[in-house]
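Residue numbers (my numbering): 4 to 207.
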């Protein structure tokens, strides 16, 4: 669009210059030059408009900017609808792990689920994990293992909406751990797979 405006200005300047040069000499020449310049203007503007309409890159950038604007309004890096779908997938994954455990599956990978009440993806790679009474029977290493497994469960839900890299899996999600309404721990900012536990909080 800017190119088109500049082109129009340039052509107008050219027309004025021609008119000043030949207004006292040959009116027919002025008409001819004006006609030629008008045709060039029409052809060029048509080409620019067609390029804007048919250029996939331009269309993609326009759509991308629209999406970014909507996401900023939500205050997160993904939409509320995607977060809802992710949490449905996480809940299903946790329920499936609990089912395997209750059916006597010997795989210790499911053992974490009997200490987890719920896992919720918030936004911006943050999750909230609610634990139950059994969680407090764990020692420090067992608590870490339980929350690490809960993080993996969260990623299984996220994978339903987008690709997750190996680096993301290693880094983990920033986890806030709650027992009922109380925060009992959270990820360290320096390492999301290491946790700081808040004292004086015990099961009821």
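Just so it is clear, CB atoms sit at the ideal spot from N, CA and C, and this is done for glycine as well.
For residue i, which residues from the same chain have a beta carbon less than 6 Å from its beta carbon, with the 5 sequence-adjacent residues on both sides left out?
i	result
residue 120	133 and 135
residue 182	134
What residue from the options has the CA that sits closest to residue i's CA?
i	options	result
residue 185	200, 153, 166 and 82	200
residue 96	155, 86 and 168	155
residue 90	148, 179, 178 and 159	159
residue 152	163, 85 and 101	101
residue 83	166, 165, 175 and 125	125
residue 202	85, 99, 143 and 93	143
residue 157	85, 99, 98 and 123	123
Just the C-alpha distance for residue i and residue j, rounded to the nearest angstrom, thanks.
i	j	result
residue 140	residue 88	33 Å
residue 194	residue 12	59 Å
residue 72	residue 137	With a pLDDT of only 44 at residue 72, under 50, the local geometry of the prediction cannot be trusted, and the value read off the model is given with reservation. Taking the straight line from one Cα to the other gives about 44 Å.
residue 108	residue 146	21 Å
residue 163	residue 130	16 Å
residue 171	residue 106	32 Å
residue 169	residue 86	21 Å
residue 93	residue 165	14 Å
Check the DSSP bridge columns for residue i and list the partner residues they point to.
i	result
residue 191	194
residue 123	131
residue 118	DSSP lists no partner for residue 118.
For residue i, which residues from the same chain have a beta carbon less than 7 Å from its beta carbon, with the 5 sequence-adjacent residues on both sides left out?
i	result
residue 104	113, 114, 116 and 117
Note down, in chain order, each residue of its chain lying with its Cβ closer than 8 Å to the Cβ of residue i, except the 5 sequence neighbours on either side.
i	result
residue 111	none
residue 198	146, 147, 150, 178, 180, 188, 189, 190 and 191
residue 174	195 and 196
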